[in-house]
Amino acid sequence: MQRQFVRVGILFVLFIIAAFGVVWRMPQYDVVEYAFYAKAAFFPPWFHFWPREYPTLSLGVFLLPRLWPLPYRWAFAVTMAGFLAVLLWQGGAFRSRPAWGIRLLIYLFLGAVGLFAQRYDITAAWAAYMALLAARQGQWGRAWGFSLVGVFLKLFPVIFWPMFFIAEYRASGRWRWDRAALAVAVTLVVIGFQIALAVPHQLSWWRYFWNRPIAIGSLPASITVLLHPYRLGVAYGSWNVYAAGWAHRVASGVTVLSGVIWIGLFYAQWRGRLSLESTVLLGIGVLMLSSKVLSVQYLIWLAPFLADRRIHPFFLLSYALNTIVYPLGFVIPGWFSFVVYLLAIRNALLILGFISLWRNERLPTTAQPTPMPTVSA
Numbered sequence: 003m004q005r006q007f008v009r010v011g012i013l014f015v016l017f018i019i020a021a022f023g024v025v026w027r028m029p030q031y032d033v034v035e036y037a038f039y040a041k042a043a044f045f046p047p048w049f050h051f052w053p054r055e056y057p058t059l060s061l062g063v064f065l066l067p068r069l070w071p072l073p074y075r076w077a078f079a080v081t082m083a084g085f086l087a088v089l090l091w092q093g094g095a096f097r098s099r100p101a102w103g104i105r106l107l108i109y110l111f112l113g114a115v116g117l118f119a120q121r122y123d124i125t126a127a128w129a130a131y132m133a134l135l136a137a138r139q140g141q142w143g144r145a146w147g148f149s150l151v152g153v154f155l156k157l158f159p160v161i162f163w164p165m166f167f168i169a170e171y172r173a174s175g176r177w178r179w180d181r182a183a184l185a186v187a188v189t190l191v192v193i194g195f196q197i198a199l200a201v202p203h204q205l206s207w208w209r210y211f212w213n214r215p216i217a218i219g220s221l222p223a224s225i226t227v228l229l230h231p232y233r234l235g236v237a238y239g240s241w242n243v244y245a246a247g248w249a250h251r252v253a254s255g256v257t258v259l260s261g262v263i264w265i266g267l268f269y270a271q272w273r274g275r276l277s278l279e280s281t282v283l284l285g286i287g288v289l290m291l292s293s294k295v296l297s298v299q300y301l302i303w304l305a306p307f308l309a310d311r312r313i314h315p316f317f318l319l320s321y322a323l324n325t326i327v328y329p330l331g332f333v334i335p336g337w338f339s340f341v342v343y344l345l346a347i348r349n350a351l352l353i354l355g356f357i358s359l360w361r362n363e364r365l366p367t368t369a370q371p372t373p374m375p376t377v378s379a
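Numbering (our numbering), first residue to last: 3 to 379.
Spelled out as structure tokens, the structure:
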């Protein structure tokens, strides 16, 4: 056990060195944008300029690096390293669950080392995983609280709410409408606060997402490039697929299919066929694959949850392809023409991985909730 703790520490240090090496060698376009928002927050009148494409608490994350006596790009990298250290500590990697920490770092090394210190997604992954840990321990108030933090960082933990609602009912026999109502009320209050402070046309992150085209990393884009002539173009800060409206029609079809899958997941959880842990991971997967944007950094969200299980070859390969796509596909001459197809293969591997999880983690129907079998640490 002691050796595994040492391995976690060594892997963490090596990962941070590699991530910082990328910061040193590559342009930090997103970090430049974060620095602008952090500076603009204190333009008079204060806090009237909010991030265009990110939820409310993202501004707090962008302000944190200003506490360090370092250039912003390095201060941001140090801040993200700090969040990863906190996630490893609170997740038990340096105490009772070193194997979980090793698997988490393996996934991040394979799939996120090229962008870890350039994006703030580890903060949302931390909040989301803390929500699940609290729910495992029956601390439902903390679970809902951490999920709210995650929602105000990256939105995706909103899918936890119906899962927590069902899981608490199965554990206690009561529907906790008060928690659901409080979560919705807090969300509305925070949005209202932001609306009250924002200058005209600056509170637009939901319109930003709604209006943006189909990004090349998304499943609808992958289907489109395999079935229809297309062209690539840059808009909304990313490369996107254009195919005379075909991509949006594919996206609509994927959305309808995802709705059916959502119903199936919630029903399976309610019937006791899926544990909360399995439902959460599969739910994140459905959300990612049905979205019009599946950026390479989104795989950071999955990593803590995947690390609860033994390393799966489909996910391992998809993470490796993620790094081949970015940064390698963007910096090696001649590789970019293959990126859209590599992303399609990555998405296919993700689908196969989630199908495998669905098949392996379904449980016999029970009257009481059955926890996911734990992996030996």
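Idealized CB from N, CA, C, for every residue including glycine.
| Check | Outcome |
| --- | --- |
| Identify the residues that DSSP records as bridge partners of Ser240: which are they? | Ala237 |
| Considering only DSSP beta bridges, list what Ile216 is partnered with. | Val243 |
| Check whether the region 138–156 touches the region 333–343, taking contact to mean three or more Cβ pairs, one atom from each stretch, closer than 8 Å. | no |
| Can you tell me the Cα-Cα spacing of Ser240 and Tyr39, whole angstroms? | 19 Å |
| Compute the beta-carbon to beta-carbon distance between Leu365 and Gly274, rounded to the nearest angstrom, for a pair I have assumed lies under 8 Å. | 6 Å |
| Pick helix, strand or coil for Thr189, following the three-state DSSP scheme. | helix |
| Which stretch, first to last residue, makes up the alpha helix (DSSP H) that contains Pro315? | 315–325 |
| Does the region 64–83 come close enough to the region 168–180 to have 3 or more Cβ pairs within less than 8 Å? | no |
| For Leu344, which three-state DSSP category applies? | helix |
| Thinking just about the alpha-carbon of each residue, which of Ala198, Gly152, Ala217 is nearest to the one in Ala185? | Gly152 |
| Just confirm the distance between the C-beta atoms of Leu386 and Leu283, as a whole number of angstroms; I'd bet it's less than 8 Å. | Not covered by the structure: residue 386. The range shown for the chain is 3 to 379. |
| For Ala114 and Leu301, which I take to be in contact (beta-carbon distance under 8 Å), what is that distance rounded to the nearest angstrom? | 6 Å |
| Would you check if the region 59–68 and the region 227–245 touch, i.e. whether three or more CB-CB distances between them fall below 8 Å? | no |
| CB-CB under 6 Å to Asp123, same chain, minus the five flanking residues each way: which ones, in chain order? | Gln299, Ile302 |
| With DSSP collapsed to three states, give me the class of Val295. | coil |
| What are the uninterrupted segments assigned as alpha helix (DSSP H) that are 4 or more residues long and contained completely in the region 99–174, given in chain order? | 100–113, 123–138, 142–156, 162–174 |
| Using only the alpha-carbon positions, how far apart do Ile347 and Asp180 sit? | 43 Å |
| Keeping to the same chain, check which residues put their C-beta closer than 7 Å to that of Phe17; ignore five residues upstream and five downstream. | Leu107, Leu110, Phe111, Val115 |
| Considering just the uninterrupted stretch of the alpha helix (DSSP H) at Leu65, what are its terminal residues? | 60–65 |
| For the ligand MG, I want to know if Pro53 counts as a neighbour, meaning its beta carbon is within less than 8 Å of at least one of the ligand's heavy atoms. | Annotation note on the ligand MG: not contained in the displayed structure, which lists no ligands. |
| Which of the three DSSP states, helix, strand or coil, is assigned to Leu184? | helix |
| Does the count of Cβ pairs from the region 95–107 and the region 40–51 closer than 8 Å reach three? | no |
| In or out: Ser271 buried (at least 16 other Cβ within 10 Å) or exposed? | Ser is not the amino acid found at residue 271; the sequence shown has Gln there. Classification for Gln271: buried. |
| Spatial neighbours of Gly219 within its chain, please: C-beta separation below 6 Å, excluding the five flanking residues on both sides. | Leu296, Ser297, Leu345 |
| Give the straight-line distance between the Cα atoms of Val415 and Ile197, rounded to the nearest whole angstrom. | Here the chain covers residues 3 to 379 and nothing more, so residue 415 does not appear. |
| So Gln141 and Asp32 are in contact, right, with Cβ under 8 Å, and what is the actual spacing, rounded? | Between Asp32 and Gln141 the Cβ distance is about 34 Å, and since that is not below 8 Å, they are no contact. |
| Taking the alpha-carbon of Thr387 as reference, which of Arg5, Met165, Ala21 has the nearest alpha-carbon? | Residue 387 lies beyond the stretch modelled for the chain, which goes from 3 to 379, so this question has no answer here. |
| Just to confirm my understanding: we take Phe85, look at its own chain, exclude 5 residues before and 5 after, and list those with CB closer than 8 Å. What are they? | Ile124, Thr125, Trp128 |
| Do Ala137 and Ala169 have their C-beta atoms closer together than 9 Å? | yes |
| Please state whether the Cβ-Cβ distance between Ala217 and Lys294 is less than 9 Å. | yes |
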